[in-house]
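Numbering (the UniProt record's numbering), first residue to last: 1 to 429.
Have a look at the structure below, then the notes.
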């Protein structure tokens, strides 16, 4: 009988994740419970002990335990899906089917649309997740879907950084190798970017798993979320924020400061208009991704705070409450770019119809080409000027030599005449 009681006790612990206390009569008191930790001792019928390798099943710890937050997140993601999927597909179609010439910027926009379109297609899973407050897709998709989301984050910032650096070279050094990169070189660079992006996202595969939490109905809620030791939390989220936002975004800001300063020094200030599209993409990305990385740093601060301190509890509550909404905002950034292209290309709509976006991208390519041609013309004029100056110098030298030779011949003639006159006078005498 005691053996059966111990077995039932162990099973209840595995299912409900609670420590059951026994009363003086030897019966289990289900009302007196406390949450288990990740390593909770289990007493087996044979008297040995082991640890329960499971999550700390506190309902307040789940990121989908707040109904207002999950409902708001689901509504926003549903709207993002409806706008982002057709919008990014239209961008991809415009570049592949309607663009007659694909500049470097156009290729970068194409890859950005592919990354964003893939992420938008995944939002359907997350809408279901938030609506049901339960992860029903298994452990494999838990790792894979969040891995692709992380890869999208790195890919987006990497592609936008490349756009900004290319614009910087096109404005300040049109004849440099980077500004004149061929299509093949750009494609090789993009392959390298995608390999790097997929490598940086690997920690999500390692640390993400499905965990169980008790729900309000007495059942179990499955949650797909990360689990790691405090030092791993610090490593993963610091790496995400530094490599996925701080460093590349700093490079972007520095690039556009240099671009705008250079353009303002020129006579053609209307060129600033040409940079507005990519500059708007950059600003929009920062607005939607900054809250996500702030939550990352709050989670890092919670991991570094003293264990079970009031500060750690407040920080944990804050980042778990804010994680859903900030992640939703990050999703929005991938659906906004097609809208930005639409507003930027509205002047082409009446004339080009559905091909207006392709004409917008081609106009960007023509602008890059015109900058290079202007630089070529300037260099050609400089070379012509130098050649003309050299020719004039040679002409001046030739004239001086001629004058000198004429002067010498005149002097020689005068000397000969003087000698003849002197000789005649001597003979006369």
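Cβ coordinates follow ideal geometry from the N, Cα and C atoms, glycine included.
- When DSSP assignments are scanned along the segment 209-282, the uninterrupted stretches of alpha helix (DSSP H) that are 4 or more residues long and fall wholly within it turn out to be 230-241 and 247-265.
- When the five nearest sequence neighbours on each side are left out, the beta carbons in the same chain lying within less than 8 angstroms of the beta carbon of residue 245 are those of 157, 289, 290 and 293, in order along the chain.
- Counted as a single uninterrupted DSSP element, the alpha helix (DSSP H) harbouring residue 192 occupies residues 183-200.
- Of 260, 142 and 92, the smallest CA-CA separation from residue 110 is found for 92.
- The beta carbon of residue 355 sits closer than 6 angstroms to those of 98, all from its chain and outside the five residues before and after it, given in chain order.
- Here residue 317 is exposed. Its C-beta has fewer than 16 other C-beta atoms within 10 Å.
- Of the residues 239, 232, 275 and 183, the one whose Cα lies closest to the Cα of residue 200 is 239.
- Under the three-state reduction of DSSP, residue 305 is assigned to coil, being neither helix nor strand.
- Note on residue 167: 16 or more other CB atoms within 10 angstroms of its CB, so buried under the neighbour-count rule.
- If you compare the alpha carbons of 323, 190 and 342 with that of residue 88, the shortest gap goes to 342.
- For residue 197, the number of other beta carbons within 10 angstroms of its own is at least 16, and it is reported as buried.
- For residue 108 against residue 159, the beta-carbon gap comes to about 5 angstroms, under 8 angstroms, which counts as contact.
- Relative to residue 209, the option among 138, 195 and 112 whose CA is nearest is 138.
- In the structure shown, residue 98 falls within a helical segment according to DSSP collapsed to helix, strand and coil.
- Here the alpha carbon of residue 149 sits roughly 11 angstroms from the alpha carbon of residue 202.
- Apart from the 5 residues on each side of it in sequence, residue 112 sits with its Cβ closer than 6 angstroms to the Cβ of 159 in its chain, given in chain order.
- When secondary structure is reduced to three states using DSSP, residue 134 falls in the coil class, being assigned neither helix nor strand.
- Going by C-alpha positions, residue 313 is about 29 angstroms away from residue 286.
- The C-alpha of residue 300 lies about 21 angstroms from the C-alpha of residue 211.
- Rounded to whole angstroms, the separation of the alpha carbons of residue 326 and residue 191 is 30 angstroms.
- With a beta-carbon spacing of about 5 angstroms, residue 221 and residue 134 fall inside the 8 angstroms limit used to define contacts.
- Annotated as proximal: residue 280 and residue 340, with beta-carbon spacing under 9 angstroms.
- Taking C-beta separations shorter than 8 angstroms and ignoring five residues to either side along the sequence, the partners of residue 248 in its chain run 157, 158, 160 and 161, following chain order.
- Note that the C-beta distance between residue 242 and residue 226 is not below 9 angstroms.
- In this structure, residue 83 and residue 335 form a Cβ contact; the two beta carbons are roughly 5 angstroms apart against a cut-off of 8 angstroms.
- Shown here, residue 323 sits in a helix according to DSSP, grouped into three states.
- By the neighbour-count criterion, in which 16 or more other beta carbons inside 10 Å mark a residue as buried, residue 357 falls on the buried side.
- If you look at residue 350, you'll find it in the alpha helix (DSSP H) that goes 346-352.
- Between residue 70 and residue 131, the C-beta gap is smaller than 9 angstroms, which places the two residues in contact.
- Residue range 67-93 is occupied by the alpha helix (DSSP H) that includes residue 73.
- In terms of Cβ geometry, residue 183 and residue 102 form a close pair [threshold 9 angstroms].
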